[in-house]
Amino acid sequence: MKFYDPLIAKETSIHVALGTVINYPLNIFYTWLAVVKWGITDPLVLSTILTVGISFVAFTRIYIVRSLTEKRKSERQKYIDNLPL
Numbered sequence: 022m023k024f025y026d027p028l029i030a031k032e033t034s035i036h037v038a039l040g041t042v043i044n045y046p047l048n049i050f051y052t053w054l055a056v057v058k059w060g061i062t063d064p065l066v067l068s069t070i071l072t073v074g075i076s077f078v079a080f081t082r083i084y085i086v087r088s089l090t091e092k093r094k095s096e097r098q099k100y101i102d103n104l105p106l
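Here our numbering = 1-based position in the sequence shown + 21.
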C-alpha cells in the first residue's frame, strides 16, 4: 500500500471542501430556524437538532460523492482494460 494516494487525497479534499461550503450556511440556517422560528434556546435540544440535520445532509453528500467517485474509477478501469497491449 502506498503511503500517499493522489486519488484518495483528491476525494478527501472534495469531501472537506463540500462539507465546508454546505455545512456552514446550513448550520446558520438550522440555528436561525430553531432559535428564531421555533423558539428553542436550550443548548442540549439545539445541539441535538443541529447534529441530526447536519448528519442527514452529510450522509447524503458523502454518499453522492462516493458514488460518483466509484463510477469514475469503474469507467477508468474499463478504459484501461480495453487498451491494446
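Using N, Cα and C, we set each Cβ at its ideal position, and we do this for glycine too. The structure displayed is predicted, hence computed values, not measured ones.
{"Asked": "Endpoints, alpha helix (DSSP H) assigned at Asp-26", "Found": "Counting along the chain, Asp-26 falls outside any alpha helix (DSSP H), and DSSP gives it neither H nor E."}
{"Asked": "7 Å CB neighbourhood of Ile-35 in its chain, flanking five on each side removed", "Found": "Val-86"}
{"Asked": "Close-in-space but distant-in-sequence residues of the same chain around Gly-74 (CB under 8 Å, 5 per side omitted)", "Found": "Leu-47 and Tyr-51"}
{"Asked": "Nonlocal neighbours in the same chain, by C-beta distance under 8 Å from Ile-101, ignoring five residues either side", "Found": "none"}
{"Asked": "Spatial distance of Phe-80 from Lys-92 (CA atoms)", "Found": "18 Å"}
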